[in-house]
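**Student:** Line by line, the protein sequences give chains A and B.
Sequential numbering of the first sequence, starting at 14, is according to the working numbering.
Sequential numbering of the second sequence, starting at 133, is according to the working numbering.
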Amino acid sequence: DTGVSQNPRHKITKRGQNVTFRCDPISEHNRLYWYRQTLGQGPEFLTYFQNEAQLEKSRLLSDRFSAERPKGSFSTLEIQRTEQGDSAMYLCASSWGGGNTIYFGEGSWLTVV
Amino acid sequence: QKEVEQDPGPLSVPEGAIVSLNCTYSNSAFQYFMWYRQYSRKGPELLMYTYSSGNKEDGRFTAQVDKSSKYISLFIRDSQPSDSATYLCAMSEDFGNEKLTFGTGTRLTIIP
Numbered sequence: 014d015t016g017v018s019q020n021p022r023h024k025i026t027k028r029g030q031n032v033t034f035r036c037d038p039i040s041e042h043n044r045l046y047w048y049r050q051t052l053g054q055g056p057e058f059l060t061y062f063q064n065e066a067q068l069e070k071s072r073l074l075s076d077r078f079s080a081e082r083p084k085g086s087f088s089t090l091e092i093q094r095t096e097q098g099d100s101a102m103y104l105c106a107s108s109w110g111g112g113n114t115i116y117f118g119e120g121s122w123l124t125v126v
Numbered sequence: 133q134k135e136v137e138q139d140p141g142p143l144s145v146p147e148g149a150i151v152s153l154n155c156t157y158s159n160s161a162f163q164y165f166m167w168y169r170q171y172s173r174k175g176p177e178l179l180m181y182t183y184s185s186g187n188k189e190d191g192r193f194t195a196q197v198d199k200s201s202k203y204i205s206l207f208i209r210d211s212q213p214s215d216s217a218t219y220l221c222a223m224s225e226d227f228g229n230e231k232l233t234f235g236t237g238t239r240l241t242i243i244p
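(1) Do you know how far the Cα of residue 81 (chain A) is from the Cα of residue 238 (chain B)?
(2) Verify whether the separation of the beta carbon atoms of residue 87 (chain A) and residue 37 (chain A) is less than 8 Å.
(3) What residue range does the beta strand (DSSP E) around residue 95 (chain A) cover?
(4) Looking at chain B, which residues of the segment 61 to 80 of chain A have a Cβ within less than 9 Å of any of its Cβ atoms?
(5) Assuming residue 211 (chain B) and residue 147 (chain B) make a contact with CB atoms under 8 Å, what is their CB distance in whole Å?
(6) Got a sec: is the Cβ-Cβ distance from residue 141 (chain B) to anything in chain A below 8 Å?
(7) Alpha carbon to alpha carbon, how far is residue 151 (chain B) from residue 139 (chain B)? Give it in angstroms, no decimals.
(8) Going residue by residue through the segment 42 to 92 of chain A, where are the continuous alpha helix (DSSP H) segments of at least 4 residues, counting only ones entirely within it?
(9) Would you tell me roughly how many angstroms separate the C-alpha atoms of residue 191 (chain B) and residue 169 (chain B), rounded to the nearest one?
(10) Can you confirm whether residue 114 (chain A), when its beta carbon is compared against all beta carbons of chain B, has any partner nearer than 8 Å?
(11) Please compile the residues from chain A whose C-beta is within a distance smaller than 7 Å of the C-beta of residue 236 (chain B).
(12) Leaving out five residues on either side along the sequence, give the residues of the same chain with a beta carbon under 7 Å from the beta carbon of residue 99 (chain B).
(13) Is residue 50 (chain A) buried or exposed, if buried means 16 or more other CB atoms sit within 10 Å of its CB?
(14) Using a Cβ-Cβ distance cut-off of 8 Å, determine whether residue 34 (chain A) contacts chain B.
(15) With 7 Å as the C-beta to C-beta threshold (strictly closer), list the residues of the segment 206 to 222 of chain B near chain A in chain order.
(16) Cβ atoms of residue 108 (chain A) and residue 44 (chain A): under 8 Å apart, would you say?
(17) Excluding sequence positions up to five away, which residues of its chain have a Cβ less than 6 Å from the Cβ of residue 85 (chain A)?
(18) Is the beta carbon of residue 24 (chain A) less than 8 Å from the beta carbon of residue 123 (chain A)?
(19) Rounded to a whole number of angstroms, what is the C-alpha to C-alpha distance between residue 29 (chain A) and residue 101 (chain A)?
(20) Mind checking whether residue 176 (chain B) and residue 58 (chain A) have CB atoms under 8 Å apart?
(21) When DSSP labels each residue in this structure, what does residue 146 (chain B) get in the three-state scheme?
(22) State the Cα-Cα distance for the pair residue 161 (chain B) and residue 32 (chain A), rounded to the nearest angstrom.
Encoded structure:
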């Protein structure tokens, strides 16, 4: 399977702990996106990279959130000091350049207890 | 008020019926309009992509955009049980699709 891969698929963590999600985009896709989706809602844009450069961040991405794409390939999304409101599915997507189809991964579910 | 409004449903129709799904939006800068299908606990999958006003057809799916009314629609003909999913509309201002704004999604069930 050469689609967008996300790990872990599910994570349960205690409030206050840090969590990290990894995304491996489709090979050779230079754009990588992170979205967040809560139950009954559509995905909300968090941030995107072109190669290793983080070009836009949503105001939803508080200081507790940090995303990296150090070599322009895989990306990580870290949430520090998790809160119950962080419980959601974190979706990663990738595309080749702009204006082309964005392919989503299957998401990483986070539950903060 | 959300930038994109979509009736969350649920919507149930018998197999073979024509399904109509709709979104309204408030941001007149949106130029690119998409429909995604999302199966339970999966990521969204792009179905249709249209630019500006007009119609686009792809097999059993037809997307319509009316920018003057800020209203978009997706029609599914000859609906099948495999079409049962959540349908999300999405929009962007830029050709680059950097930031998509999604509706809440409509949960659709096709009854055999």
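The C-beta atom is built at its ideal place from N, Cα and C for all residues, glycine as well.
**Tutor:** Checking against the coordinates, here is how it stands:
(1) So the two alpha carbons sit approximately 33 Å from each other.
(2) Yes, Cβ-Cβ distance for residue 87 (chain A) and residue 37 (chain A) is below 8 Å.
(3) Membership of residue 95 (chain A) in any beta strand (DSSP E) is not indicated, and neither H nor E is assigned to it by DSSP.
(4) So the close ones are 61, 63, 68, 69, 71.
(5) Indeed they touch by this definition, with Cβ atoms about 6 Å apart.
(6) Cβ-Cβ to chain A under 8 Å: no for residue 141 (chain B).
(7) Going by the C-alpha atoms only, they are around 14 Å apart.
(8) Taking only runs of at least 4 residues, no alpha helix (DSSP H) segment lies wholly in the segment 42 to 92 of chain A.
(9) The straight-line gap separating the alpha-carbon atoms of residue 191 (chain B) and residue 169 (chain B) is approximately 15 Å.
(10) Answer yes: the Cβ-Cβ gap between residue 114 (chain A) and chain B drops below 8 Å somewhere.
(11) Near residue 236 (chain B) (Cβ distances below 7 Å), the residues of chain A are 53, 54, 55.
(12) The structure shown does not extend to residue 99 (chain B), since chain B is modelled only from 133 through 244, so no value can be given for it.
(13) Result: buried.
(14) Not an interface residue.
(15) If the cut-off is 7 Å between Cβ atoms, the segment 206 to 222 of chain B has 220 near chain A.
(16) A contact, by the Cβ cut-off of 8 Å.
(17) Here the set comprises 64, 65.
(18) Residue 123 (chain A) sits close to residue 24 (chain A), with the two beta carbons spaced by under 8 Å.
(19) Each residue's Cα considered, the two are about 16 Å apart.
(20) No, the pair does not count as a contact, with Cβ atoms beyond the cut-off.
(21) Correct three-state label for residue 146 (chain B): strand.
(22) Answer to the nearest angstrom: the Cα atoms are 36 Å apart.
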